[in-house]
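Scroll down for the structure; my scribbles are underneath it.
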Amino acid sequence: MEVLAVDRPPAPVPTPRRALAQMLRQAESLSLLLQHSAEQLLADYVRHQGDPFSTPSFHPPAPLGLPPPPRPPGGDAERLAGLAAAYAALPGLLGSVRAQQAQLNPGAAELLRGLEAGARQARGLAGHIEAVAAELGVALPGPWVPPDAHPPANAFGAKVWGYWVCRLHRDWARRAHEDLGLLARRYPL
Amino acid sequence: MEIFVAGEQDHQTTVSVPAHPAVISPQDPTLVIGSSLTAACTVNTDSHLSAEDLYWTLNGRRLPAESYKVLNATTLSVALAHLNGSKQQSGDNLVCHSRDGGILAGSCLYVGLPPEKPVNITCWSKNMKDLTCKWAPGTEGETYLHTNYTLKYKLRWYGRDNTCQEYHTAGPYSCHIPKDLALFTPYEIWVEASNRLGVAVSDVVMLDVLDVVTTDPPADVHVSRVGDLEDQLSVRWTSPPALKDFLFQAKYQIQYRVEDSSEWKVVDDVGNQTSCRLAGLRPGTVYFVQVRCNPFGIYGSKKSGIWSDWSNPTAASTPRSERIPGVCDPKSGEQNSTLRRELKQFFGWVKKHAYGCSNLSIKLYDQWRVWLQKSHKTRNQVLPSDKL
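In order, the protein sequence lines correspond to chains A and B. Per my numbering, the first sequence starts with residue 88, numbered consecutively. Per my numbering, the second sequence starts with residue 499, numbered consecutively.
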């Protein structure tokens, strides 16, 4: 009896496209988590500041020194650039709001934890967005530089500033989930 | 100066507005409940608004026009009387609006009461390693303002004031000192309460850490049956290991309950043994048992220590003797003799200690056993007509 040797085919190497698809899936999942927690954070924030912050018609003038809200979407590169710019700024801004709220609402442990978690999740999403952009060969803008800082004039000003940061955090989380979902569908597993 | 206007769909729009369209004075005032306040809103001359274009809200509710006064072309004041305590810790929102509802400026009002001195400071040390203290805020109602509590301590005759760092470890008004505590030397401990309206300091409590020692619950609590005895369970445990190297006299307490009851019975006179027998229990019943320890007399301290937490509940069931229907099955001789011996001891004790029970004796138990056997034989007699 003759024993024949069999050549086994080599194990499949993950293609760059597969790696990108996995990255996008993870980023999309994180953005969904971030969206839910950003919505909750804004609700907690306005509750702790008191009326009129929690009234539906509340719309104070936007303070200076904040990144712009999401604009109408363009191509993939524009979407990623917008997300990258927002998530370069949001972690630091949420951290500043946390510091202000520690003075204004020192007993609001859940709110303070929510702001810390928001900053942490935003930092995580920033990393994902950079990785996806690198994989797609998209050049990202430089880090966001805030205009001349105008610290809030008083407690009410600090409350308004924090409101806008939390609102931007929510709006950008919604946009991130949309954009990353779109990209994930374009590059399926 | 330019700002970006949110919500524009097609293109970025910039609008020139003043950095602060209006200013409210005073900014972020602090007031005692019941005070009055007059605030003024002055619009920036660049904003093209006048005093007549303004109105006020407090926490989102419009204030009546009767309380307004036009001070000059660009300034409108509002008078607030008999202020209630602030609705939220971050301050009440007093806002100056333009006629169309736009927010021009805001100021947060902090209305409340100064703190009262904290009371009822109690402390305990876990195994002499740390000290945890708790207190009550001393205000029956609220202060309406965030009140900060700082626990301070120092050695009685020397040393500087120290400040406790780890708060809320045993409830909202508590602090934990984790290390570097002296023994055999009294500490002075007090709590300072402060808010925007003032400071209050508690009375000073003096204690030696050795006088307030508690420990872990007893370990390895085992509950088991005592042979076939239906009304007894044996409980055994080991003394808490953390204090085994220190001179102390432990005392223990046991509590037990039946499975479907929330009422615990406490056995208080366990002393310093590490075992105990529970008697008078219901046969065929599941019992939950817990044990706790008081490490009094550490290093000769005269004070009673502090009871530990209860051990986790341990369950066991008392036996129930199996009776086969129609068959008289008296207890085995060995079991009878154990019970009888115990009963004899019990009646001896009763005679000695319980007045008015002198008629009880082991003879009465023997008579009862005889009566029991006779009545079983009669009940289980099989009549000829019952056989088929």
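Virtual Cβ for every residue (Gly too), placed ideally from N, Cα, C.
- Counting only the Cα atoms, B/Lys650 lies some 6 Å from B/Asn660.
- Looking at the backbone, the Cα of A/Arg207 and that of B/Thr536 are separated by about 43 Å.
- Proximity of the region 603 to 610 of chain B to the region 524 to 533 of chain B meets the contact definition, three or more beta-carbon pairs being nearer than 8 Å.
- Fewer than three pairs of CB atoms, one per stretch, sit closer than 8 Å, so the region 579 to 599 of chain B makes no contact with the region 629 to 636 of chain B.
- For a Cβ distance threshold of 7 Å, residue set Ser588 of chain B lies close to A/Leu191, ordered along the chain.
- Beta-bridge partners of A/Gln188 (DSSP): none assigned.
- Taking a C-beta cut-off of 7 Å against chain B, the contacting residues of the region 155 to 174 of chain A are Pro155, Pro156 and Pro159, listed in chain order.
- Membership of A/Phe140 in any beta strand (DSSP E) is not indicated, and neither H nor E is assigned to it by DSSP.
- The contact set of A/Gly194 on chain B, defined by CB atoms closer than 8 Å, consists of Gln587 and His644 in chain order.
- Contact with chain B is absent for A/Gln113, since none of that chain's Cβ atoms lies less than 8 Å from the residue's Cβ.
- Distance from the CA atom of A/Ser118 to the CA atom of A/His264, rounded to whole angstroms, is 5 Å.
- Using beta-carbon distances, A/Gly137 counts as an interface residue toward chain B, with a partner under 8 Å.
- For A/Ser183, there are no CB contacts under 6 Å within the same chain when 5 residues up- and downstream are skipped.
- For the region 523 to 549 of chain B, not one full-length alpha helix (DSSP H) segment reaches 4 residues or more.
- In the three-state DSSP reduction, B/Met704 falls in the strand class (E or B).
- With a minimum length of 3 residues, there is no unbroken run of beta strand (DSSP E) contained wholly in the region 194 to 266 of chain A.
- The C-beta of A/Ala242 comes closer than 8 Å to at least one C-beta of chain B.
- Between B/Trp622 and B/Ile804, the CB-CB gap stays under 8 Å.
- Within chain A, Asp138, Pro139 and Thr142 have C-beta atoms less than 7 Å from the C-beta of B/Gly558, given in sequence order.
- The criterion of a C-beta distance shorter than 8 Å is not satisfied by B/Ser760 and B/Thr783.
- The beta-bridge partner set that DSSP reports for B/Pro793 consists of B/Ala748.
- Using a CB distance cut-off of 8 Å, B/Val593 counts as an interface residue toward chain A.
- The beta carbons of A/His135 and A/Leu181 sit no closer together than 8 Å.
- Between the region 678 to 685 of chain B and the region 766 to 784 of chain B there are fewer than three C-beta pairs closer than 8 Å, too few to call the two in contact.
- Three or more Cβ pairs closer than 8 Å define a contact, and the region 182 to 196 of chain A meets that threshold against the region 237 to 254 of chain A.
- Assignment of beta strand (DSSP E) within the region 610 to 668 of chain B, counting only whole runs of 3 or more residues, yields 617 to 624, 629 to 634 and 646 to 653 in chain order.
- Residue ranges of uninterrupted alpha helix (DSSP H) with 4 or more members are absent from the region 674 to 703 of chain B; none lies entirely inside it.
- Annotation: Cβ neighbours of B/Gln525 in chain A (cutoff 7 Å, chain order): Asn241.
- Secondary structure note for B/Ala579: it is in no beta strand (DSSP E), with a DSSP letter that is neither H nor E.
- Residue burial annotation: B/Lys677 is exposed, with fewer than 16 other C-beta atoms found within 10 angstroms of its C-beta.
- Per the C-alpha coordinates, the member of A/Glu203, A/Ala175, A/Val232 and A/Arg254 positioned closest to A/His215 is A/Ala175.
- A direct Cα-to-Cα measurement between B/Leu695 and B/Thr667 gives close to 27 Å.
- Residue-level contact check: B/Ser605 touches chain A, since one or more beta carbons of chain A fall below 8 Å from its beta carbon.
- In this structure, A/Val219 and A/Ala114 form a Cβ contact; the two beta carbons are roughly 6 Å apart against a cut-off of 8 Å.
- B/Ala579 counts as exposed, since fewer than 16 other C-beta atoms from the protein chains shown sit within 10 angstroms of its C-beta.
- Taking the Cα of A/Arg200 as reference, the smallest distance to any Cα among A/Gln122, A/Leu128 and A/Leu120 is reached at A/Leu128.
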